[in-house]
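**Q**
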Amino acid sequence: MLLLAAVVVAVLAARYTSPLRLVENRLADATVTLLSPPRPPSQRLVVVTITDATLAGLPYRSPLDRALLSEVLTTLQAKGVRVIGLDVLLDRPTEPRKDALLRSTIATLDVPVVLAALGEEDGIDAVRAGYLGTFAPTAAAGLAIAYRDPLDETVREVLVRRRTSAGERLGFAAAVAQAAGAEVPDGRRLRIDYRVGPDLETPAFPTYPAHRLAELSDAQLRGRIALVGADLDFTGRYRTPFAAVLDGEAGYLPGVGIDAHVVSQILEGRSVHVMSVWQGAALSLLGAVAGWLISIAPVALYWRVAGAALFLPVAWVGAFTTYVYSAILLPLVAPTLAFSVAAILSFARQWRAEYQRRRFIHRAFGQFLSPAVVDQLTREPQRLGLGGESREITFLFTDIQGFTALVERTPPDALVRLLNEYLDEACGIVAEHGGTIDKIVGDALHVMFNAPLLQPDHPRRAVQCALALDEWSCAFIERKAGEGLELGITRIGVNTGVTVVGNFGGARRFDYTAHGDAINTTARLESVNARLGTRVLASAATAERCEGIRFRSIATLVLRGKTDGVAVFEPVAASRVEQPLLDDYEAAYRLLAGDDDEAHAAFRELAARYPHDALIAMHLRRLAAGERGATVVVRRK
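Convert by adding 34 to the 1-based position in the sequence shown; the result is the number in this note's numbering.
#1: Among Val117, Phe239 and Cys499, which has the Cα closest to the Cα of valine 80?
#2: Which ranges would you report for the beta strand (DSSP E) in the stretch 567–594 if only whole runs of at least 3 residues count?
#3: Would you tell me roughly how many angstroms separate the C-alpha atoms of phenylalanine 538 and alanine 349, rounded to the nearest one?
#4: Where does threonine 88 fall in DSSP's three states?
#5: Taking the alpha carbon of leucine 224 as the point to measure from, which residue in His295, Ala372, Ala90 and Gly462 has its own alpha carbon closest?
#6: Mind checking glutamine 299: buried by the 16 CB within 10 Å criterion, or exposed?
#7: Tell me whether the beta-carbon of alanine 248 lies closer than 8 Å to the beta-carbon of isoleucine 84.
#8: Please state the DSSP three-state secondary structure of phenylalanine 402.
#9: What residue range is occupied by the uninterrupted alpha helix (DSSP H) comprising asparagine 529?
#10: Look at the Cβ atom of glutamate 687, then the Cβ atom of arginine 273, and state whether they are nearer than 8 Å.
#11: Please confirm whether valine 148 and glycine 114 have their CB atoms less than 8 Å apart.
#12: For glutamine 435, collect the residues of the same chain with a Cβ closer than 7 Å to its Cβ; drop the 5 residues on either side in sequence, then sort them by chain order.
#13: Could you tell me which of Arg100, Gly257 and Leu591 sits nearest to alanine 112, measuring between CA atoms?
#14: Would you mind giving the Cβ-Cβ distance between tyrosine 644 and leucine 626, rounded to the nearest angstrom? I have them listed as a contact below 8 Å.
#15: Roughly how many angstroms lie between the CA atoms of asparagine 554 and glycine 660, to the nearest whole one?
#16: Tell me the DSSP secondary structure of arginine 225 in three-state form.
#17: Is the distance from the Cβ of isoleucine 588 to the Cβ of threonine 568 below 8 Å?
#18: Shortest alpha-carbon distance to tyrosine 228 belongs to which of Ile179, Arg137, Ala361 and Trp337?
#19: What is the residue span of the beta strand (DSSP E) that proline 288 lies within?
#20: Hey, could you find the ends of the beta strand (DSSP E) glutamate 639 is sitting in?
#21: Looking at C-alpha atoms only, which residue of Gly164, His307 and Leu261 is the closest neighbour of glycine 221?
#22: Take the Cβ of glutamate 604 as the centre, count every other Cβ of all protein chains shown within 10 Å, and call the residue buried at 16 or more, exposed below.
#23: Give me the Cα-Cα distance between glycine 341 and phenylalanine 354, rounded to the nearest whole angstrom.
#24: What are the partner residues of histidine 653, as DSSP defines its beta bridges?
#25: Provide the residue span of the alpha helix (DSSP H) that contains valine 42, from first to last.
#26: The alpha helix (DSSP H) with histidine 492 in it runs from where to where?
#27: Who pairs with isoleucine 553 in a beta bridge, going by DSSP?
#28: Could you tell me which of Leu657, Val606 and Ala44 sits nearest to glycine 314, measuring between CA atoms?
#29: As an exercise, report each continuous beta strand (DSSP E) stretch of at least 3 residues that is fully enclosed by the stretch 236–300, in chain order.
#30: If you draw a straight line from the alpha carbon of alanine 209 to that of valine 41, how long is it in whole angstroms?
#31: What alpha helix (DSSP H) runs, 4 residues minimum, are completely inside the stretch 110–172?
#32: With a threshold of 8 Å on Cβ separation, who are the neighbours of arginine 656 within its own chain once the five nearest residues in sequence on each side are excluded?
#33: Tell me, please, whether the stretch 53–71 touches the stretch 176–185 by the rule of three or more beta-carbon pairs shorter than 8 Å.
#34: Please return the same chain residues whose Cβ sits closer than 8 Å to the Cβ of proline 72, not counting the five positions on each side in sequence.
#35: Closest by CA to valine 145, which one among Tyr359, Leu107, Pro347 and Tyr165?
#36: Cα separation between leucine 344 and alanine 284?
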């Protein structure tokens with residue numbers, strides 16, 4: 035069923051999807067143009083073109099002057115051509131004298147002449163079809179029909195023969211080749227095997243403008259088949275496979291040029307073999323089988339993926355080689371699709387078992403552990419045992435100021451929507467910075483960096499995450515204010531320290547978390563923001579390892595329940611740096627930290643210059659109350 039589905043999808047998509055058909059056409063055209071064996075210019079045909087220069091001295095351009103055509107035919111006979119193919123549709127009367135002259139010339143030429151014709155089935159009326167017959171009562175005529183692909187207008191096939199009520203009629207090129215003694219191939223249509231010259235710029239056939247025929251030597255034309263037709267600028271040119279490689283007009287040929295390729299092909303007995311629909315389907319089945327076999331090979335997954343990636347280029351090279359040595363044009367799109375679909379479906383079947391195993395672990399432990407831990411457990415089930423390890427971790431705690439009051443004044447349904455939106459966006463920012471959400475406690479987040487996965491730059495990650503959360507929360511508050519919801523600022527504390535981290539619990543339930551004093555310090559840093567007038571605080575243990583991030587010195591805090599002080603800093607986002615303020619503040623802070631008597635005056639001056647800075651105002655209040663130095667004792671939460 036897998037192989038059948040792959041083949042059906044591939045064949046139908048390649049056959050009925052325009053973009054894929056266009057890709058197949060381009061590949062086939064490029065193959066024909068670049069890989070056909072180069073041949074020297076043909077010595078059996080010449081092309082005589084009626085160009086814009088030929089018509090320059092004539093009174094009208096269309097229909098082609100019959101006297102000019104008569105002169106061209108006479109000159110070609112005089113120079114000893116073998117057969118003349120006139121690829122000009124003589125379906126309209128012009129000047130009676132000139133029309134009569136051309137009829138007389140055609141009737142009296144000793145050289146076989148084949149005229150281009152069309153029937154009523156081809157879109158011309160009975161009068162025009164009848165008029166065509168008046169020029170060729172004694173000359174052969176062939177239907178000048180080339181088939182343009184409706185998808186890209188490229189000529190790849192011509193008519194060989196058509197059965198009509200009056201009998202069988204040959205295509206124009208086939209009739210010319212038959213007049214030259216060649217055997218016309220069987221079938222109604224012929225896939226054109228375009229003759230490629232020594233290089234893509236050299237014409238495959240000697241080509242001469244009609245008005246220069248008299249200048250040619252007899253040796254240049256004697257014994258050759260001469261095809262005469264128009265080659266005018268901007269009209270009567272057709273797209274050929276050469277356009278897949280050549281730029282501009284180089285990939286387009288006049289109708290007489292295409293006829294020359296077909297006549298040459300019939301004379302030389304060349305052909306291009308194109309697979310039928312059923313043959314293409316069989317090739318697609320082989321591609322599907324190959325994709326399936328590679329996907330189930332008893333090797334590691336990366337070897338199977340590498341094998342699948344390598345198989346397609348090798349198969350394409352094989353298809354190109356087949357064309358070079360046997361002129362069989364193999365389809366590429368459908369077999370490639372069949373191979374890919376079969377491989378993908380087969381891989382999907384194998385991954386289904388793996389998915390079911392992962393799903394079991396997620397269902398069993400997802401409600402107890404953070405997503406990052408669950409993902410690690412699916413990769414390493416052996417870690418399901420209880421235990422822990424000592425590891426340096428950076429913690430980030432958040433809390434919304436005034437959330438309890440918000441709960442009391444906000445309807446429950448609005449509160450739930452607000453909190454869900456807040457946590458969803460906040461957790462997304464944490465995930466972007468590689469943090470592991472240890473817990474969500476109401477509106478608060480407890481985040482770890484460097485656990486369970488190792489992150490050498492965990493302090494820097496945590497501070498960058500804190501800055502991103504701070505910037506986002508300010509925008510979030512403004513957005514919600516527009517909806518009539520007054521949300522407090524998000525306070526953030528960041529600290530780095532060594533803790534014990536791992537799986538804690540019992541046989542029935544355990545939790546991946548951390549335990550240690552660094553966690554308590556982080557929680558106190560988050561809460562002390564309210565006293566200091568800041569939104570984000572980081573300990574010295576964190577700030578010292580964040581190269582490239584600017585920090586503002588705050589104080590040495592003696593936190594509640596502690597006897598030793600902790601130096602804390604405020605990280606400053608690069609987009610919010612006010613260099614004069616930072617420099618002036620640090621100068622005043624050095625005086626404060628050094629217990630200098632000038633500190634009070636320095637902060638009074640700063641407050642006058644920066645009246646809205648909460649940190650300056652906090653230190654000024656301390657100094658005004660008689661406190662000295664940069665040590666702040668925090669006695670309450």
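All residues carry an ideal CB built from backbone N, CA and C; glycine is no exception. These numbers come from a predicted model, not from an experiment.
**A** According to the structure data:
#1: Phe239
#2: 570–573 and 584–592
#3: 55 Å
#4: helix
#5: His295
#6: buried
#7: No Cβ-Cβ contact shorter than 8 Å links alanine 248 with isoleucine 84.
#8: Because the pLDDT of phenylalanine 402 is 40, which lies under 50, any placement of that residue in the model is unreliable, and the number read from its coordinates should be weighed accordingly. Of the three classes helix, strand and coil, the one that applies to phenylalanine 402 here is coil, per DSSP.
#9: From DSSP, asparagine 529 is part of no alpha helix (DSSP H) but of the beta strand (DSSP E) over 524–539.
#10: Limits of the chain in this structure are 35 at one end and 671 at the other, which puts residue 687 out of reach.
#11: no
#12: Gly522, Ile523, Arg525 and Ala564
#13: Gly257
#14: Actually they are not in contact, since the Cβ atoms of tyrosine 644 and leucine 626 sit about 15 Å apart, beyond 8 Å.
#15: Looking at the backbone, the Cα of asparagine 554 and that of glycine 660 are separated by about 30 Å.
#16: strand
#17: yes
#18: Nearest option by C-alpha distance: Ala361.
#19: 286–288
#20: Where glutamate 639 is concerned, there is no enclosing beta strand (DSSP E), although the alpha helix (DSSP H) it sits in stretches over 633–643.
#21: Among Gly164, His307 and Leu261, the Cα nearest to that of glycine 221 belongs to His307.
#22: buried
#23: Taking the straight line from one Cα to the other gives about 20 Å.
#24: In DSSP, histidine 653 forms no bridge with anything.
#25: 36–50
#26: 492–515
#27: Partner(s): none; isoleucine 553 has no beta bridge.
#28: Ala44
#29: You should have 241–243, 259–264, 271–273 and 286–288.
#30: 41 Å
#31: Fully contained in the stretch 110–172 are the following alpha helix (DSSP H) runs of length 4 or more, in chain order: 130–142 and 160–167.
#32: Val666.
#33: With the cut-off at 8 Å, the stretch 53–71 and the stretch 176–185 touch.
#34: Val230, Gly231, Pro232 and Asp233
#35: Leu107
#36: 35 Å
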